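Just so you know, we're using numbering that gives the first Met the number 0 here: the sequence shown kicks off at 0 and counts up by one. The beta-carbon is built from N, C-alpha and C at its ideal position, and this holds for glycine as well. These figures come from a predicted structure and were not determined experimentally. Worksheet: one structure, shown below.
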Amino acid sequence: MIALGIDIGGSGIKAAPVNLLDGSLTQERLRMETPQPAQPETMLAAVEQLVSAFSWQGPIGCTFPGIIRNGITCSAANVAAQWIGHPTEAALTEILGQPVHLLNDADAAGLAEMRFGAAGEQQGTILMLTLGTGLGSALFINGTLVPNTEFGHLLMYGDSAERYMTNSARKRERLSWAEWAARINEYLAMTDHLLSPNLYILGGGVSKKHQKFLPLLAANAPIVPAKLRNRAGIVGAAIYADEMISRAA
Ligand code: BGC
C-alpha cells in the first residue's frame, strides 16, 4: 500500500509517496519554500503545484502546523492568521481532486515515529516533541494518539513555552547548547509533572544534532532522538490517510 504524504510547514512544503509497509519513500521527496506571507491562497496554490509533479491517484494525507478539528484549521501560531477557521481539508480535496486527510504536523511526526521510528516496543504514555520554528507535541497513550495537544503553548514566564525553548528561541537568542538544554529541562519538568510519560521522543530538524544537547537533558523518563528526521511529517501524513480510509471502510 502506498499513500502520498504532504507536509505543510511555515518554511517549507514537502511531499512524497510513502510505502506503508516500511515507511520508505517510493519517489524522491519534493520540496518548495513556503510562500511568504504564509496565507491560505498562496500556500494552497504552492501545494497544488508541488503535488502535480507526482500525477498522484490514491490516498493523500497532509499535515499543517496548527490545530485541526473536523478538517478546519483552528490555530496559526507560525503562519498567517487567515488560516484560522479555514476549511483546509475541503480546500485541499478540491484543488487536488481527491480526498485529502488533514492532521497536525507534530501528530503526524508522532505517528511516523510510533510505527517506524524511535518508539520501538515502548508502551504507556509517549510524548513526542518537535523542536522547530514552533514547538509541536504528540501524545500517545498505549499507541493511541490524543490529537491536537498543543503542549508547545503551555505557559512559561507568561508566554507560550515555544517562545522560550524551541529551536527558533535557541537561534534567536543565540543560546549555547547548555543554556538551551537548561530551558528544555525546565519544560520537561513541567511535562513530567503533568503526564508522567514513559518515553520522550525529540524531533525537528535540530534532532540530527542531538549529540550536542541530548546528553545534557534530564527527565523522569528516557529521552530518545527521532529517527525519521525530515521524512517524519510526510510518512505520518501517509499513515494517517491510510488509517482514515481503513476506519471509514
Ligand atoms: C503550533 C502547533 C505545531 C507546532 C509545530 C506550534 O506553534 O501551534 O500546532 O504542531 O507549532 O509546527
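Between the Cα of residue i and the Cα atoms of the options, which residue gives the shortest distance?
i	options	result
Gln121	Ile222, Arg30, Gly9	Ile222
Thr129	Leu101, Ala107, Asn141, Gln35	Ala107
Ala105	Ile7, Met164, Gly123	Ile7
Are the beta-carbon atoms of residue i and residue j separated by less than 8 Å?
i	j	result
Ala80	Ile233	no
Thr87	Ile71	yes
Arg230	Ser206	no
Gly4	Gly60	yes
Ala240	Pro58	yes
Ala160	Tyr199	no
Thr62	Gly204	no
Leu126	Leu194	yes
Leu49	Leu29	yes
Ala37	Val78	yes
Gly131	Ala76	no
When we look at the beta-carbon of residue i and count the other beta-carbons within 10 Å, is it buried (16 or more) or exposed?
i	result
Leu201	buried
Ile183	buried
Ile140	exposed
Quick one: which unbroken beta strand (DSSP E) runs of 3-plus residues sit fully inside the stretch 85-120? Chain order, please. 99-103
Please give the ranges of any beta strand (DSSP E) in the stretch 1-76, keeping only runs that are unbroken, at least 3 residues long and fully inside the region. Taking only runs of at least 3 residues, the beta strand (DSSP E) segments lying wholly in the stretch 1-76 are 1-7, 11-18, 29-32, 59-63.
Is the stretch 154-173 in contact with the stretch 105-125, if contact means three or more CB pairs nearer than 8 Å? no
Stretch pair the stretch 201-221 + the stretch 163-178: three plus CB contacts closer than 8 Å: The stretch 201-221 makes contact with the stretch 163-178: 3 or more CB pairs, one atom from each, lie closer than 8 Å.
On the three-pair Cβ rule with 8 Å, is the stretch 236-246 touching the stretch 213-221? Remark: fewer than three beta-carbon pairs, one from each stretch, lie closer than 8 Å, so the stretch 236-246 and the stretch 213-221 are not flagged as touching.
Check whether the stretch 129-149 touches the stretch 42-49, counting contact only when three or more Cβ pairs, one atom from each stretch, lie closer than 8 Å. no
Can you list the beta strand (DSSP E) stretches of 3 or more residues lying completely in the stretch 164-229, in chain order? Taken in chain order, the complete beta strand (DSSP E) segments of 3 residues or longer contained in the stretch 164-229 are 198-202, 222-224.
Counting beta carbon pairs with one atom in the stretch 157-172 and one in the stretch 91-108, are three or more of them shorter than 8 Å? no
Across the stretch 47-57 and the stretch 18-25, are there enough close Cβ pairs to call them in contact, namely three or more that are closer than 8 Å? no
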